[in-house]
Structure formats: C-alpha cells, structure tokens
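Written below as structure tokens is the structure these notes are about.
Protein chains: 2
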Amino acid sequence: MDNDRETGSLLDPKYDASGLITAVCTAPDGTVLMLAHMNAEALQATLDTGEATFWSRSRGRLWKKGETSGHVLKVIEARIDCDQDAVWLKVEPRGPACHTGAPSCFYRIIEDGKLVRG
Amino acid sequence: MDNDRETGSLLDPKYDASGLITAVCTAPDGTVLMLAHMNAEALQATLDTGEATFWSRSRGRLWKKGETSGHVLKVIEARIDCDQDAVWLKVEPRGPACHTGAPSCFYRIIEDGKLVRG
Numbered sequence: 001m002d003n004d005r006e007t008g009s010l011l012d013p014k015y016d017a018s019g020l021i022t023a024v025c026t027a028p029d030g031t032v033l034m035l036a037h038m039n040a041e042a043l044q045a046t047l048d049t050g051e052a053t054f055w056s057r058s059r060g061r062l063w064k065k066g067e068t069s070g071h072v073l074k075v076i077e078a079r080i081d082c083d084q085d086a087v088w089l090k091v092e093p094r095g096p097a098c099h100t101g102a103p104s105c106f107y108r109i110i111e112d113g114k115l116v117r118g
Numbered sequence: 001m002d003n004d005r006e007t008g009s010l011l012d013p014k015y016d017a018s019g020l021i022t023a024v025c026t027a028p029d030g031t032v033l034m035l036a037h038m039n040a041e042a043l044q045a046t047l048d049t050g051e052a053t054f055w056s057r058s059r060g061r062l063w064k065k066g067e068t069s070g071h072v073l074k075v076i077e078a079r080i081d082c083d084q085d086a087v088w089l090k091v092e093p094r095g096p097a098c099h100t101g102a103p104s105c106f107y108r109i110i111e112d113g114k115l116v117r118g
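Protein chains in written order, with full-length UniProt numbering: chain A, 1 to 118; chain B, 1 to 118.
In structure tokens form, the structure reads like this:
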C-alpha cells in the first residue's frame with residue numbers, strides 16, 4: 001500500500017498545532033454551506049455516523065451540527081485534499097446550515113469592498 | 001450603515017491569531033478545488049486583480065495561485081461567511097488547481113477508512 005500522504009490510500013490527516021483540520025460542506029447544488037474545524041474525534045464521528053460533527057473552538061467541545069436545532073448535515077460523500085489538512089463533505093442539509101437561519105453561511109457577496117446580500 | 005459583523009455591509013474580516021482567514025475555491029460545476037489561507041493583503045490583491053491570491057504559510061509570502069504554472073483562478077464571485085472568517089471564491093480555473101496536476105486537490109474519497117481515487 002502506498003502510504004505517501006499525497007498519493008496513498010492511507011487516511012493520515014495532517015492536524016495543525018491545535019489538532020485540527022478544516023472541513024468544508026457543500027449542498028447537492030454546489031452551494032458552500034459552511035466551514036468548520038475537526039479534530040480526530042470529530043472526523044471519526046462524522047465518518048461513523050454519517051452526520052457532520054465538528055470541534056467547536058469557541059465551546060471547546062465536540063459539536064454535532066444540528067444537535068439542538070435538528071438541522072443536521074447528512075454526509076453523502078467525504079473527500080480529503082492532497083496534503084490531508086482539509087476535508088470536503090458533500091452533504092444533504094436537513095435545514096438551514098447557518099445559525100442565522102440562512103441556508104448557507106455565505107449569504108453576502110463582496111462587491112466593491114462592501115457586503116451585499118444575495 | 002449596519003456594521004454588525006454578521007448582518008452588516010461592512011467588510012470586516014475576523015483574522016485569526018496568525019492574521020489569516022480561510023478561503024475555499026469552487027469551480028463553476030460546484031467542485032471544491034482547494035482551500036488556502038489569506039491575510040489582509042492577499043484578500044485585497046484577490047479583490048483588486050480578480051485572480052485568487054493567498055498567503056503561503058510554508059513559504060511565508062504572498063502567493064498568487066498560478067504565478068509560475070499559469071494555472072490562475074479567475075474570480076467570478078467572492079462571498080464571505082457569517083462571522084467573516086472564511087471566504088468563498090467562485091472561480092474559473094485556468095488549468096489544474098492542484099500542484100499534483102489533478103483538477104481539484106480533493107481527488108480522493110474517504111471510504112471505509114481508506115482513500116480511494118475518484
């Protein structure tokens with residue numbers, strides 16, 4: 001088995017100094033819903049349960065997205081990038097992904113240095 | 001003008017302790033091409049030039065994607081998330097986005113704890 005991190009088949013995430021990698025979640029239509037962080041436990045929970053689970057840096061604990069709101073993100077496919085420090089989750093959202101109630105956290109476009117909803 | 005970071009129209013990125021935010025780049029078909037980091041200078045360069053520019057943590061310098069390869073990422077739209085610590089760039093890639101030559105850095109699926117190309 002080729003265990004090289006870039007070319008191999010070994011899942012060997014490159015966690016940063018805080019023990020985290022970045023996860024990006026996209027909806028079936030390609031919308032980027034949110035970015036969040038995962039430690040090893042969060043990644044394992046995501047893969048085991050099929051529901052996106054992150055590490056909340058603000059709360060300092062494991063955080064299953066939608067654990068209180070019910071707006072979970074059902075994982076359709078999980079991918080990892082070349083240097084294994086980022087994960088891409090294709091998900092089916094069970095409600096708004098953003099805590100503001102917006103479908104996606106990226107509800108503002110940067111236009112001429114200002115933010116515009118759209 | 002509403003200057004609240006979540007609801008406002010003021011571009012006010014929340015840089016981390018290293019002065020960085022995360023940027024995710026997607027192709028027109030919704031493929032996530034790559035994740036990288038931006039400092040204030042990289043974000044400004046991206047917005048000014050319309051070509052994705054990052055901060056290379058490994059090289060410790062500004063890095064226009066494709067500066068040597070020619071595989072630049074032409075920015076179609078730039079969005080920012082609710083807490084302004086992540087940017088989503090919709091781009092038109094002028095070649096493979098990954099340094100391995102793959103169209104996207106996310107060329108491997110996590111399946112049963114192993115990585116599979118696809």
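Glycine included, C-beta positions come from ideal geometry on N, C-alpha and C.
Beta carbon proximity, residue i to chain B, threshold 8 Å
{"i": "residue 14 of chain A", "result": "no"}
{"i": "residue 8 of chain A", "result": "yes"}
{"i": "residue 138 of chain A", "result": "Absent from the model: residue 138 of chain A. The displayed extent of chain A is 1 to 118, so no value can be given."}
{"i": "residue 109 of chain A", "result": "yes"}
{"i": "residue 42 of chain A", "result": "no"}
{"i": "residue 100 of chain A", "result": "yes"}
{"i": "residue 81 of chain A", "result": "yes"}
{"i": "residue 60 of chain A", "result": "no"}
Beta-carbon proximity check, residue i vs residue j, cutoff 8 Å
{"i": "residue 50 of chain A", "j": "residue 115 of chain B", "result": "no"}
{"i": "residue 93 of chain A", "j": "residue 73 of chain A", "result": "yes"}
{"i": "residue 81 of chain A", "j": "residue 54 of chain B", "result": "no"}
{"i": "residue 33 of chain A", "j": "residue 91 of chain A", "result": "yes"}
{"i": "residue 35 of chain A", "j": "residue 22 of chain B", "result": "yes"}
{"i": "residue 43 of chain B", "j": "residue 87 of chain B", "result": "yes"}
One or two residues paired with residue i in a DSSP bridge
{"i": "residue 21 of chain A", "result": "A:38"}
{"i": "residue 54 of chain B", "result": "B:63"}
{"i": "residue 114 of chain A", "result": "A:111, B:10"}
{"i": "residue 80 of chain A", "result": "A:87, B:108"}
{"i": "residue 47 of chain B", "result": "DSSP output for residue 47 of chain B lists no bridge partner at all."}
{"i": "residue 32 of chain B", "result": "B:26"}
Any chain A beta carbon closer than 8 Å to residue i
{"i": "residue 51 of chain B", "result": "no"}
{"i": "residue 20 of chain B", "result": "no"}
{"i": "residue 17 of chain B", "result": "no"}
{"i": "residue 74 of chain B", "result": "no"}
{"i": "residue 92 of chain B", "result": "no"}
{"i": "residue 86 of chain B", "result": "yes"}
{"i": "residue 122 of chain B", "result": "The requested residue 122 of chain B does not occur in the structure, where chain B is confined to residues 1 to 118."}
{"i": "residue 54 of chain B", "result": "no"}
{"i": "residue 45 of chain B", "result": "no"}
Cβ-Cβ separation, residue j to residue i (assumed contact under 8 Å), whole Å
{"i": "residue 109 of chain A", "j": "residue 77 of chain B", "result": "6 Å"}
{"i": "residue 62 of chain A", "j": "residue 113 of chain B", "result": "19 Å between Cβ atoms; not a contact."}
For the pair the segment 21-39 of chain B and the segment 58-77 of chain A, tell me if three or more CB-CB distances fall below 8 Å. No: the two stretches stay apart, fewer than three of their Cβ pairs being nearer than 8 Å.
Touch test, the segment 92-105 of chain A against the segment 20-31 of chain A, Cβ-Cβ under 8 Å, three pairs minimum: Under the Cβ criterion (8 Å, minimum of three pairs), the segment 92-105 of chain A counts as touching the segment 20-31 of chain A.
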